[in-house]
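J.: Let me begin by handing over the structure; questions about it come next.
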Amino acid sequence: MIQDVLCCVFDHNQHEGAARWADLLSPHFDSVILDSGSTPACPHPAALHLENVYYSGLMNEAYRLLRERDYRWLMIVTSDIEIDAANAARLVAGMQDIVRTANVGLYQPSCALSLHGRALYQSVCHYTGRLRRVNFQEGWFHLVCREVLDAVLPVDVAVNRLGWGVDLALSHAARVGRMLVLVDDRVRVVHPRGSGYNRDAAKEQMRRWLAGLPGYTSPRHFRPLKDEIRYL
C-alpha cells in the first residue's frame, strides 16, 4: 500500500458506487467514504458520516484528514463516476506513477463518450494513449498534491457552499506554481449528467468566491504548461 495518498470518495445517496470505489482503492491507498447527509447513511465500513455539507464541505473535510494524516496527495472521486475493471487497473497504475512525480499538480482520468455522460472538451478522451497536458480539469475526480491544496483550501463555505469553481482554483494554483495539470487518455471513466444543484445559485457562489481569491485568473485563459514530467 502506498502511504502518501489519501483517497476520499464523495457520497450522497449513491452508496453502491461509493462502496465500489472504496473497495477498488483500499488495497492500494488509504481510503475513506465521506457521506454527506445521505438517507439512509452509507453502510460501508469505510464511511464517515457527515451532515449534508455539499461539495465545498466535503473538500474541506478531505483536506482536514489529509493534514491530520500528513500525506502529500489527495484523491477525490464522486461516487457517481463509473469505471470498469480494466480501466480501474490502469487508473491505479497511473496514480502509483503520478505520486512519484515532483512537478505534477493535478491528475485525472479522461471521460469516455457516453449517451448518459458529459464532460468538457479537455476532459473527454482524445485517444492519444498518453498523459495529456491541459489548462484545467473538472471536479468529479482529482489527484492533487499538497502544495496545490494548501494554496486554495479550505473553501469559505459561507461564500461558496455548493463548490463550483474549486476545480478552477486548484488548476490556477497549479499554473502559478508551474505544476502540470494532466488528463490521462489511457484511462476512461463515465461522468453522468447532472449535479442536482441549482445552477444559477452555484454559478453566483462560484463567482463571488473566485473573485475573493488573491491573484485569481481563470486558467481557461492560459495554454497548458509544456514542461516535461519530473520524477523524485
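One rule links them: number in our numbering = place in the sequence shown (from 1) + 844. Where is the CB? At the ideal position from N, CA and C, for every residue including glycine.
Indicate whether C989 and G949 have their beta-carbon atoms separated by less than 7 angstroms.
T.: In contact: C989 and G949 (Cβ atoms closer than 7 angstroms).
J.: Which residues mark the beginning and the end of the alpha helix (DSSP H) in which Y907 is found?
T.: Per DSSP, Y907 belongs to the alpha helix (DSSP H) from Y898 to R913.
J.: In this structure, does DSSP put M939 in helix, strand or coil?
T.: Here M939 sits in helix by DSSP.
J.: Skipping 5 residues on each side, what residues in its chain have a beta carbon closer than 8 angstroms to that of A932?
T.: If we look at A932 and ignore the five residues flanking it on each side, its Cβ neighbours are L868.
J.: Check the C-beta distance from I925 over to H1035 and give it rounded, since I have them as a contact under 8 angstroms.
T.: Correct: roughly 6 angstroms between the Cβ atoms.
J.: If contact is defined by three or more beta carbon pairs under 8 angstroms, each pair taking one atom from either stretch, is the stretch 1057-1064 in contact with the stretch 1009-1020?
T.: Judged by Cβ distances under 8 angstroms, the stretch 1009-1020 makes contact with the stretch 1057-1064, as three or more pairs qualify.
J.: Suppose you measure from the CA of V853 to the CA of G861; what does that come to, to the nearest Å?
T.: In a straight line, the C-alpha of V853 is about 9 angstroms away from that of G861.
J.: What first and last residue would you give for the beta strand (DSSP E) that runs through L949?
T.: According to the sequence provided, residue 949 is Gly. The question's Leu does not apply to it. V948 to C955 is the extent of the beta strand (DSSP E) around G949.
J.: Just grab the DSSP bridge partners of H1035 for me.
T.: Its beta-bridge partners do not exist; DSSP assigns none.
J.: Would DSSP call V1001 helix, strand or coil?
T.: Three-state result, V1001: coil.
J.: Under the DSSP definition of a beta bridge, which residues are partnered with W917?
T.: Bridge partners of W917: V849 and C989.
J.: Of the residues W1008, R1030, H1065 and P884, which one's Cα is nearest the Cα of D1044?
T.: Residue W1008 is the option with its Cα nearest to D1044.
J.: Contact check, F980 vs V1025 under 8 angstroms by CB: the rounded distance?
T.: That belief holds up - the Cβ atoms of F980 and V1025 are roughly 6 angstroms apart, short of 8 angstroms.
J.: Between which two residues does the alpha helix (DSSP H) harbouring V1020 extend?
T.: Here the alpha helix (DSSP H) through V1020 covers V1010 to V1020.
J.: For R977 and K1070, which I take to be in contact (beta-carbon distance under 8 angstroms), what is that distance rounded to the nearest angstrom?
T.: Sure, about 6 angstroms apart at Cβ, within 8 angstroms.
J.: Where do the ends of the alpha helix (DSSP H) carrying L868 lie?
T.: Unbroken alpha helix (DSSP H) run through L868: H859 to L869.
J.: Using DSSP with H/G/I as helix, E/B as strand and the rest coil, what is L894?
T.: Here L894 sits in strand by DSSP.
J.: Please work out which residues of its chain come closer than 7 angstroms, Cβ to Cβ, to M1050, disregarding the five sequence neighbours upstream and downstream, and give them in chain order.
T.: For M1050, where only same-chain residues beyond five positions count, the Cβ hits under 7 angstroms are N1004, W1008 and G1009.
J.: Between the C-alpha atoms of S875 and L997, what's the straight-line distance to the nearest angstrom?
T.: Near 20 angstroms, if we compare the C-alpha coordinates of L997 and S875.
J.: Can you tell me whether DSSP reads R934 as helix, strand or coil?
T.: R934: helix per DSSP, three-state reduction.
J.: Once you ignore the five residues that flank R962 on each side, which residues in its own chain have a CB closer than 7 angstroms to its CB?
T.: Within the same chain, R962 has close Cβ partners H1035 and R1037.
J.: Helix, strand or coil for D928, going by three-state DSSP, please let me know.
T.: It is coil, neither helix nor strand.
J.: Looking only at its own chain, which residues have a Cβ that is under 7 angstroms from the Cβ of A863, when we skip the five neighbours before and after it?
T.: Closer than 7 angstroms at Cβ, skipping near neighbours: H888.
J.: In the structure shown, what three-state DSSP assignment does L1057 receive?
T.: If DSSP states are grouped into helix, strand and coil, L1057 belongs with coil.
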